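Participant:
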Amino acid sequence: MRDAFEPYSPLNVLKPFADGVWIVDGPEIAMGYLGLKLPFPTRMTVVRLPDGGLWLHSPIALDHALAEAIAALGPVRHLIAPNSLHYWWIPDWAARFPGAQVHAVPGLDRAAKRPLPLHRVLGDTSDPAWADAIDQVLVPGGLLTEADFFHRSSRTLILTDLIENFEPRRIRSRLLRTIIRWSGAADPDGKAPIDMRLSFWRHRRTLRTAVRRMIGWAPERIILAHGRCYDRDGIAELKRAFRWAV
1 MRDAFEPYSP LNVLKPFADG VWIVDGPEIA MGYLGLKLPF PTRMTVVRLP DGGLWLHSPI
61 ALDHALAEAI AALGPVRHLI APNSLHYWWI PDWAARFPGA QVHAVPGLDR AAKRPLPLHR
121 VLGDTSDPAW ADAIDQVLVP GGLLTEADFF HRSSRTLILT DLIENFEPRR IRSRLLRTII
181 RWSGAADPDG KAPIDMRLSF WRHRRTLRTA VRRMIGWAPE RIILAHGRCY DRDGIAELKR
241 AFRWAV
């Protein structure tokens with residue numbers, strides 16, 4: 001059965017995105033959305049910290065060759081579950097790299113449908129382990145809580161679901177294209193899908209503060225978990241994608 005999305009080939013391969021930053025595109029998964037099971041492409045981010053250790057954001061399904069390629073870059077020190085949806089493969093990576101510290105957003109230990117390893121809770125300021133390289137903000141919401149990160153030296157912002165930017169030309173199903181366009185998550189005007197935007201209504205002040213903080217970091221690039229990333233014009237893309245919030 002062919003994928004619903006044209007893949008960001010090659011899959012399960014480290015792709016340089018900025019100095020000391022790589023992305024890895026993974027296979028599709030099915031996720032619940034508005035009562036439906038919809039396909040989503042997956043993507044993880046790898047950052048090399050100043051001490052040479054590696055920081056893995058939103059790990060995708062564990063692949064042996066990929067794990068070996070990552071291990072060749074340096075010791076895996078941190079595994080990040082950045083929101084209450086992106087955590088499923090953390091236990092597999094923790095088993096593969098038992099020396100790595102797991103970090104997860106608040107409340108995920110109670111909400112997760114798969115037991116998580118012992119972990120540190122992500123807060124609104126950077127963990128001391130990466131504070132010299134990566135800034136951090138916590139965005140609590142009704143549908144999900146997300147921690148977002150800014151790699152200072154490369155000026156790369158790392159988001160998960162607060163912006164989704166699916167490219168219609170990569171979507172094979174006409175129905176799926178229609179759903180994604182209706183949700184507001186289609187390139188070139190990708191943003192949080194409509195249900196997520198509505199879920200932030202009660203948290204809009206906190207969200208607005210977090211977005212302004214991200215804009216203040218002045219990112220050049222933005223990595224997204226779903227859809228086309230932004231390799232330039234990061235500030236303009238943030239202001240566009242979050243115009244509903246600020």
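Numbering (the UniProt record's numbering), first residue to last: 1 to 246. Virtual Cβ for every residue (Gly too), placed ideally from N, Cα, C. Source: prediction; values computed, not measured.
1. Taking only the alpha-carbon atoms, compute the straight-line gap between leucine 79 and tryptophan 182 and give it to the nearest angstrom.
2. Sorted by chain position, which residues of the same chain lie with C-beta nearer than 6 Å to leucine 224's C-beta, five sequence neighbours on each side aside?
3. Have a look at aspartate 161 and threonine 178 and give me their C-alpha separation to the nearest angstrom.
4. Determine, using beta-carbon pairs with one atom in the segment 194-213 and one in the segment 4-22, whether at least three such pairs fall under 8 Å.
5. How would you call methionine 1, buried or exposed, if buried means at least 16 neighbouring beta carbons within 10 angstroms?
6. How do the segment 42-60 and the segment 113-121 stand: do at least 3 beta-carbon pairs fall below 8 Å, yes or no?
7. Given this structure, state the Cα-to-Cα distance separating glycine 123 from serine 173, to the nearest angstrom.
8. Arginine 221: buried (16+ other C-beta within 10 angstroms of its C-beta) or exposed?
9. How about proline 219 and leucine 157: do their beta carbons lie closer than 8 Å?
10. To the nearest angstrom, how far is the alpha carbon of tyrosine 230 from that of glutamate 6?
11. Alpha carbon to alpha carbon, how far is glycine 107 from tryptophan 130?
12. According to DSSP, what are the bridge partners of glutamate 164?
13. Which residues in the same chain have their Cβ closer than 7 Å to the Cβ of arginine 208, if we skip the five residues on either side of it in sequence?
14. Grouping DSSP H, G and I as helix and E and B as strand, with all else coil, what is glycine 99?
15. Could you name the residues of the same chain whose beta carbon sits closer than 7 Å to that of proline 193, not counting the 5 residues immediately before and after it, in chain order?
16. Could you check what DSSP says for isoleucine 215 in three-state terms: helix, strand or coil?
17. Taking the alpha carbon of glycine 26 as the reference point, which residue from Thr125, Leu38, Pro39 and Met44 has its own alpha carbon closest?
18. Excluding sequence positions up to five away, which residues of its chain have a Cβ less than 7 Å from the Cβ of aspartate 63?
19. Assess contact between the segment 92-106 and the segment 14-23, defined as three or more Cβ pairs (one per stretch) separated by less than 8 Å. Is contact present?
20. What are the boundary residues of the beta strand (DSSP E) that includes glutamate 237?
21. The alpha helix (DSSP H) that contains alanine 71, what's its start and end?
Facilitator: Straight from the coordinates:
1. C-alpha separation (whole angstroms): 33 Å.
2. Cβ neighbours of leucine 224 beyond the five flanking positions: Leu159, Ile163 and Asn165.
3. Answer to the nearest angstrom: the Cα atoms are 19 Å apart.
4. No: the two stretches stay apart, fewer than three of their Cβ pairs being nearer than 8 Å.
5. Confidence is the limiting factor: at methionine 1 the pLDDT is only 46, short of 50, which leaves the residue's position unreliable, though a coordinate-based value still follows. With fewer than 16 Cβ atoms within 10 Å of its Cβ, methionine 1 is classed as exposed.
6. They do not touch, by the three-pair rule.
7. Distance from the CA atom of glycine 123 to the CA atom of serine 173, rounded to whole angstroms, is 39 Å.
8. When all chains shown are included, arginine 221 counts as buried.
9. Closer than 8 Å, so yes.
10. When only Cα atoms are considered, tyrosine 230 and glutamate 6 end up about 18 Å apart.
11. Rounded to the nearest angstrom, the two C-alpha atoms are 22 Å apart.
12. Paired residue(s): Lys191.
13. The beta carbon of arginine 208 is closer than 7 Å to those of Ala245 and Val246 in its chain, skipping five residues each way along the sequence.
14. In the structure shown, glycine 99 falls within a coil segment according to DSSP collapsed to helix, strand and coil.
15. Glu164, Ser183, Gly184 and Ala185, listed in sequence order.
16. Isoleucine 215: helix per DSSP, three-state reduction.
17. Looking only at Thr125, Leu38, Pro39 and Met44, the smallest Cα-Cα distance to glycine 26 is reached by Met44.
18. Closer than 7 Å at the Cβ level, and outside the excluded window around aspartate 63, lie Asn12.
19. Three or more beta-carbon pairs separated by less than 8 Å are not found between the segment 92-106 and the segment 14-23, which leaves the two stretches without contact.
20. First-last for glutamate 237: 234-241, but that is the alpha helix (DSSP H), not the beta strand (DSSP E).
21. Secondary structure note for alanine 71: its alpha helix (DSSP H) is the uninterrupted segment 64-73.
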